[in-house]
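So the sequence shown is numbered by this note's numbering: it starts at 10 and just counts up by one. C-beta: ideal position from N, C-alpha, C; glycine also. Scroll down for the structure; my scribbles are underneath it.
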Amino acid sequence: HALFAVLAVACASHSGPADTGDPALFEVEPDVRATVTMRDIRFEPAQIEAPPGALIAIQFVNEGDIEHDFSVDRFGGVFAVRTEGASSAHGSSRAVHMALRPGQRGEVRVRVAEAGTVEFFCDVPGHRRGGMVGTIDVR
């Protein structure tokens with residue numbers, strides 16, 4: 010199934026928790042939880058599975074020595090992003106985007122109604138090409 014971009018989010022520099030997307034997704038208990046570690050230059054684990062319609066909560070922890078991010082080009086569901094501390098100053102035209110500095114944590118919540126695969130990647134130059142990619146498999 011094709012997944013279409015429905016929202017564009019840009020990160021801005023600010024202090025305190027940063028929320029983008031639909032904040033109501035943080036008010037309900039998720040159906041699926043996962044923790045993904047960002048390292049130089051890979052996601053661990055790189056695959057998350059969930060049934061259609063499930064609310065998926067993905068906690069990201071940047072254990073790398075440099076900034077990494079979670080980016081999605083096309084997304085056909087609803088999402089919310091929350092980061093701890095000051096967010097990155099770099100912007101993005103991606104449908105979903107969350108940048109984390111070394112040691113920083115953030116959470117992405119997504120709900121995808123239809124079966125399919127959502128590819129995510131690190132948008133830092135060279136990282137996607139270097140293999141810092143993953144998937145959310147909705148089956």
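Between residue 107 and residue 84, the CB-CB gap reaches or exceeds 8 Å.
When beta bridges are read from the DSSP output, residue 64 appears opposite 120. Look at residue 130 here: in three-state DSSP terms it is strand. Beta-carbon to beta-carbon, residue 86 and residue 122 are separated by about 6 Å, close enough to satisfy the 8 Å threshold. Annotation for residue 145: the continuous beta strand (DSSP E) segment containing it runs 142-147. CA-CA distance, residue 70 to residue 114, rounds to 5 Å. Under the three-state reduction of DSSP output, residue 36 falls in the helix class.
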